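Trainee:
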Amino acid sequence: MSLEWRRATQEDVPSLARWNKQLIEDEGSRNPMTLAQLETRMLGWMQGSEWEIWRLERGGEGVGYAVLRVVAQDLEICLRQLFIAREHRSQGLGKVALELLRSNFLNARWTLEVLETNPRARKFYDFLSFTAYVTILEWKEVL
Numbered sequence: 001m002s003l004e005w006r007r008a009t010q011e012d013v014p015s016l017a018r019w020n021k022q023l024i025e026d027e028g029s030r031n032p033m034t035l036a037q038l039e040t041r042m043l044g045w046m047q048g049s050e051w052e053i054w055r056l057e058r059g060g061e062g063v064g065y066a067v068l069r070v071v072a073q074d075l076e077i078c079l080r081q082l083f084i085a086r087e088h089r090s091q092g093l094g095k096v097a098l099e100l101l102r103s104n105f106l107n108a109r110w111t112l113e114v115l116e117t118n119p120r121a122r123k124f125y126d127f128l129s130f131t132a133y134v135t136i137l138e139w140k141e142v143l
């Protein structure tokens with residue numbers, strides 16, 4: 001399985017936004033953003049924000065992406081999003097993709113958040129030896 005990461009470019013924005021919309025659906029997020037809004041957000045992240053976007057390819061075909069922030073000179077990596085396209089799942093790509101990405105930041109502490117509405121992702125990260133560090137609770141007042 002020949003996977004490689006490359007920094008995403010503006011030409012990737014439409015596919016990144018579509019994948020981000022799928023991620024929102026898959027994780028059960030309440031994020032209401034449209035494709036156009038997601039494209040704008042991706043462009044904003046590419047143009048000077050603290051977030052980096054990486055595109056995952058297999059044989060030149062896009063199969064996923066990651067959004068991450070490098071904190072404190074590579075000592076901590078905050079993984080905001082890791083996504084494998086639906087048609088490429090259950091092939092071990094996520095595990096290999098994360099291992100490849102982590103090899104670029106040796107000895108860094110990795111943090112990420114997983115929505116409670118996304119047990120599949122929680123199981124995936126548990127399998128890869130991520131452990132709970134903090135639990136964030138939300139109080140949504142119902143009137």
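All the letters of the sequence shown, read from the start, carry residue numbers 1 to 143 under the working numbering.
Ideal Cβ placement from N, Cα and C applies to all residues, glycine included.
Predicted model, so just to flag it, every value in this text is computed and none were measured.
Could you check what DSSP says for THR111 in three-state terms: helix, strand or coil?
Mentor: Reduced to three states, the DSSP call for THR111 is strand.
Trainee: Taking the Cβ atom as the reference point for each residue, do ALA97 and TRP19 lie within a distance shorter than 8 angstroms?
Mentor: Taking 8 angstroms as the Cβ cut-off, ALA97 and TRP19 do not qualify as a contacting pair.
Trainee: Can you tell me which residues form a DSSP beta bridge with GLY48?
Mentor: None; GLY48 has no bridge partner.
Trainee: Anyone know if the C-beta pair for VAL67 and ARG55 falls short of 8 angstroms?
Mentor: In this structure, ARG55 does not lie closer than 8 angstroms to VAL67 by Cβ.
Trainee: From which residue to which residue does the alpha helix (DSSP H) around TRP19 run?
Mentor: That run of the alpha helix (DSSP H) goes 13-27.
Trainee: Mind checking ASP12: buried by the 16 CB within 10 Å criterion, or exposed?
Mentor: By the 10 Å Cβ count, ASP12 comes out buried.
Trainee: Any heavy atom of the ligand ADP inside 7 angstroms of the beta-carbon of LYS21?
Mentor: Ligands are entirely absent from the displayed structure, and the ligand ADP is therefore not among its contents.
Trainee: Enumerate in chain order the residues of its own chain whose CB-to-CB distance from VAL114 is below 7 angstroms, with the five nearest sequence positions on each side excluded.
Mentor: Once the five neighbours on either side are set aside, the close Cβ partners of VAL114 are ALA121, ARG122, TYR125.
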